[in-house]
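Residue numbers (our numbering): 299 to 713.
Each remark here refers to the structure printed beneath this line.
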Amino acid sequence: MLDGSTVPLEWAVWPARYMEAVMNRIRGLSRRGFVGGAATALGYLGLKPGADLWGATTSTRRFSAFGQQTYDYDSYAKLASNENPYGPTDVMMDAMNMAWKYSMRYGYPDGDIQEKIAESHGVEPENILLGAGSGEILRAMGLTYLEPRKKVVGVEPSYSSVYRHASGLKAEPLLLPLNEDYTQNIPAMIRATNRNRRDLGFVYLCNPNNPTGLAVPQNEVRQLLDGIPEDMPVLIDEAYHHFVQDPRYATAEPYVKEGRRVVIARTFSKIYGMAALRIGYALAPADMIREMRNYTTGSVNCLARWGASAALGDPDSETRVLDITTRLRNNTSTALQNMGYDVIPSETNFFMVHTGRPVREVQAAFREKGVLVGRPFPPMLDHLRVSIGTEEEMDRFMTAWKEIFPGMAATGNNG
Ligand SMILES: Cc1ncc(COP(=O)(O)O)c(C=O)c1O
């Protein structure tokens, strides 16, 4: 790393004019608003003036484009990846714009993000580990607690990158089927954990589960933790925590506070609309955080830190995203049910509908119509996962649905 004493010669003789041009470029970027290569136009978010959750008057400032360049990607309704289509709020954008000025630094003020997250959970900063998305946390969990031939217990389908990563480490995912109603089979998880306790790296519980959208009730999380050895690490993935309204659900935070070997993974990608910016975190006992820290890279960028810090200070925006997402999810689910399709009741910003046709084929048909929908989640190969986009995107989804399933729409018969 460079410090003041080792500045290369050519840097020392850089003309002041050049430095000024660099600084102007950084200031210019910040004046035009944060865009990166990602948000090229309002169309990117499926937003039209008036459809911007954060206020039509400010949307142009927030997402001003590099010229008029657009990509095919921008034109699709993006209902495939459980994103938040509204993106960061104005408050978050302002914080991130300000943070550009640190983009050439290593150590810089970062909005005290770790302290703010800790405060939001009523824990100490030593209980928090930042990751470039919660994906990095899931990976750090594998790197810390798995090794060749160790096992990880979880259900299928679930967020499979945990299992894929385990396989990459030559560890072995022990995958249990869901119950008939698509809930997670907690007694089976307990049995599999106890039977394999000597070879088990950790237990994975995605709550609520992706792709089904179903939450595991609080009493079942307790049943799981009471039924397995106390020293068994458990990874509880709460990526969709903020969307859950089922009163039987609760975060696993109290288990961390009581010192249980529980790691909770959370993300700013979903309710806070920061998926491309990459920030998430682990909430866990301090000794587990210390073990996992060895496997993270400190790669959370400066804009993400400031954006996330601002997000935590703006709970009203969370409520607005929750409200509109819930309304659009319920409307779309009801419309499909009224046509005779089975929809799994979801607690998240996506839902699954039984199409009775192979998902690959259905996915391709939607793509032809400019709508991106979820991939196959074996073994639920004739269920389609649909993420909740903007109102306009959901309209496009319903129009495409009626064209792709015309007979069923007419008869209301789900076969
Ligand atoms: C259940 C679950 N966990 C973790 C992630 C990873 O999200 P990120 O790395 O963006 O925080 C996702 C992303 O879709 C998810 O669905």
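Even for Gly, the Cβ is constructed at its ideal location relative to N, Cα and C.
- In this structure, I534 lies away from N492, with their beta-carbon atoms at least 8 Å apart.
- When only Cα atoms are considered, S432 and N508 end up about 14 Å apart.
- Under the 10 Å beta carbon count, M394 is surrounded by 16 or more other beta carbons and is classified as buried.
- Contact between the region 628-639 and the region 658-667 is not established, with fewer than three Cβ pairs separated by less than 8 Å.
- Here Y443 is buried, its C-beta having at least 16 other C-beta atoms within 10 Å.
- By the neighbour-count criterion, in which 16 or more other beta carbons inside 10 Å mark a residue as buried, P446 falls on the exposed side.
- Within the model, the alpha-carbon separation for H652 versus H681 is close to 4 Å.
- Each residue's CA atom was taken as its position, placing P407 and P583 some 26 Å apart.
- With 16 or more other CB atoms across the displayed protein chains lying within 10 angstroms of its CB, E551 is buried.
- Here L472 really is in contact with V451; their C-beta atoms are around 5 Å apart, less than 8 Å.
- With 16 or more other CB atoms across the displayed protein chains lying within 10 angstroms of its CB, L427 is buried.
- In this structure, the beta-carbon distance from N483 to S685 does not fall below 8 Å.
- Note on D614: under 16 other CB atoms within 10 angstroms of its CB, so exposed under the neighbour-count rule.
- Nearest Cα to G557 within the set G405, D529 and S567: D529.
- T565 has its CB nearer than 7 Å to a heavy atom of ligand 1.
- With a cut-off of 8 Å on Cβ pairs, the region 456-468 is in contact with the region 494-505, counting three or more such pairs.
- In the same chain as A609, and ignoring 5 residues on each side of it, the C-beta atoms closer than 6 Å to its own belong to M390 and Y570, in chain order.
- For P471, the pairing in a beta bridge is given by DSSP as V450.
- For F566, the three-state secondary structure derived from DSSP is coil.
- In the three-state reduction of the DSSP assignment, A606 falls in the helix class.
- In this structure, ligand 1 has a non-hydrogen atom nearer than 7 Å to the beta-carbon of A537.
- When C-alpha distances from A563 are compared across G578, S631 and M572, the shortest belongs to G578.
- Residue range I426 to G429 is occupied by the beta strand (DSSP E) that includes L427.
- Rounded to the nearest whole angstrom, the C-alpha separation of R496 and A633 is 49 Å.
- With a contact defined as Cβ atoms closer than 8 Å, G687 and L377 qualify at about 5 Å.
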